[in-house]
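Notes for the one structure printed next.
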Amino acid sequence: MGNLYHYAVILLPIILIIKFLFHGRQRQRYRLPPSPFALPVIGHLHLLKPPLYQGLQALSSQYGPILFLRFGCRPFVVVSSPSAVQECFTKNDVVLANRPRSMIGDHVTYNYTAFAWASYGHLWRVLRRLTVVEILSSNKLLLLSTVREEEVRYLLRQLFKVSNDGAQKVDMRLYLSLFSFNFIMKTITGKRCIEEEAEGIETNRQFLERLKRIFVPTTTTNLCDFFPILRWVGYKGLEKSVIQFGKERDGYLQGMLDEFRRNNSAVEWQKKRTLIETLLFLQQSEPDFYTDDVIKGLMLVVISAGTDTSSVTLEWAMSLLLNHPEALEKARAEIDSHVKPGHLLDDSDLAKLPYLRSVVNETLRLYPTAPLLLPHLSSEDCSVGGFDIPRGTTVMVNVWALHRDPRVWEEATKFKPERFEGMENEEKEAFKFAPFGIGRRACPGAALAMKIVSLALGGLIQCFEWERVEAEKVDMSPGSGITMPKAKPLEIIFRPRPTMTSLLSQL
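Read left to right, the sequence shown gives residues 2 to 508 (the numbering used here).
So this is what it looks like as structure tokens:
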């Protein structure tokens, strides 16, 4: 092992200098986008400042909305203007439909059969069709309305119990995380991950932290992806850690699958009420395609994409409303005027609440849960904005910068839900607001996400009065992680609204 490290120290600079010289010739061959000065070996890694999306925004403001960077041996292009985004995902949508490979992807995506990370091709098209037709179709979303409403009522009931009919201070991140995991797990298996009989709030907190550690990634890449020789020599045991993480995640998913098989008969699967029933029913007819790994990959995508994203969006939305009480009162007045007295907001009411939807949209504009979306990989040479993008380049959309560009949005950093009123059907707006991505690799769960976040936020506004713990505004600093959580969990003082106490007591 000592000899390997010795050779690596000698070979790494040589290999990367050769790459650096090759890149110089590549720049002569292609008309690459503007780029800062790159250092030998490391490229532009020294310019990146956390959080990454803000660091890239600073570089784009200096060099332009189509930016070329090199991290070690890997070329990247970052786009952050509506015209560049439109060109990427209309003219070049197929060319950019692949995902880059990585050490993490090699070990935790079931050989890239998990839908979100699968290469563009036959497997991806089949999984996409399955997702759209069997899992997230309009009819399926309608059937899931009962589950959504049940879980929102469960959240409201929990908070009402905590309130004891008076003002209380709570950590909302805990309750919102519990809500999102319960909803997704009930969609997958038909039961919550934590029931009311759980042993207490701290037990719930510990269990949720374990679920987040397993299913909510903090990164999709590491240094070994930029410097492959580090992977060959086992740098800092990174690959061993990733392999162990993959085994833990797989063990949890396999356990869910095995438990469901033990407790449910094959006759029940054809009812396809839950995700697992749908997938096991398909496995009966096509066992060679719908293997356990493909099933676990779909379960993984639904859990990873549907849990932390929803709870993080709700936490940002509530924080914004607390800092803008006039918007909170406007949303509450809209709900009170369109929902029958003595009735709890339900799925059918959402279409009558455009301002509530605008609040959710404005939250996603300011605090998108995937500020850089998932990366794309060019499968062949293409061009964007008059610049060449060579084959094998990773393309990232900086949604954070796109959503906060003052050339695109009036008063871009201000919370103004009214800007979305009447904007829903304007096609020209599609490429400046992209919290769920655009094109064939866009998130197919966008409609479900909007429904679950709107229903939960509307229920919280309708049933409780909220106020800040301190006189100062809620701290809106973003934390680290792919889903951009708040740096500081939202603590809040709340009490049941007098007009809703009777209804809450009956939930």
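C-beta atoms are modelled at their ideal positions from N, C-alpha and C, and glycine is treated no differently.
Since we're looking at a predicted model, the values are computed, not measured.
For D348, there is no enclosing beta strand (DSSP E), since its DSSP letter is neither H nor E. Pairing M477 with M424, the inter-Cα distance amounts to about 26 Å. Ranked by how close their Cα comes to the Cα of A435, the residues Y64, A85, E381 and L280 have A85 in first place. With respect to T222, I390 sits apart: the two C-beta atoms are not nearer than 8 Å. The way I'd put it, the segment 235–243 doesn't touch the segment 121–134; fewer than three beta-carbon pairs between them come closer than 8 Å. Between K341 and the set L504, F161, F290 and L137, the nearest pair of CA atoms involves L504.
Collapsing the DSSP output to three states places N93 in coil. Sixteen is the threshold: when 16 or more other Cβ atoms of the shown chains lie within 10 Å of the Cβ of N399, as they do, the residue is buried. Per DSSP, reduced to three states, the secondary structure at C383 is strand. For the options R358, G247, L231 and F261, the alpha carbon positioned closest to that of I189 is the one of F261.
A residue is called buried when at least 16 other Cβ atoms come within 10 angstroms of its Cβ; G307 meets this threshold and is buried. Beta-bridge analysis with DSSP links H377 to V396. Taking 8 Å as the cut-off, the beta carbon of K187 is found closer than this to the beta carbon of V148.
About 6 Å separates the Cβ atoms of P52 and P479, confirming a contact at the 8 Å cut-off. Per DSSP, P326 lies in no beta strand (DSSP E) segment; the continuous alpha helix (DSSP H) that holds it begins and ends at P326 to H339.
In the three-state scheme derived from DSSP, where H, G and I count as helix and E and B as strand, P497 is classed as strand. Around the C-beta of A334, fewer than 16 other C-beta atoms lie within 10 Å, and the residue is accordingly described as exposed.
Counting along the chain, the unbroken alpha helix (DSSP H) around V268 starts and ends at A267 to W270. Residue state for E419 is assigned as helix, using DSSP reduced to three classes. Under DSSP, I185 forms no beta bridge with any residue. Counting along the chain, R250 sits inside the alpha helix (DSSP H) bounded by residues L239 to N264. Per DSSP, L160 is not a residue of any beta strand (DSSP E); the alpha helix (DSSP H) it occupies stretches across S146 to S164. Between N183 and K192, the alpha-carbon positions lie close to 8 Å from each other. DSSP, reduced to helix, strand and coil, places E363 within a helical segment of the structure shown.
In this structure, the beta-carbon distance from L209 to E316 does not fall below 8 Å. The Cβ-Cβ distance between Q169 and F465 does not fall below 8 Å. By the C-beta density criterion, A39 is buried, having at least 16 other C-beta atoms within 10 angstroms.
Following the DSSP letters along the chain, one finds L68 inside the beta strand (DSSP E) bounded by residues I67 to F72. Taken in chain order, the complete alpha helix (DSSP H) segments of 4 residues or longer contained in the segment 428–504 are 447–464.
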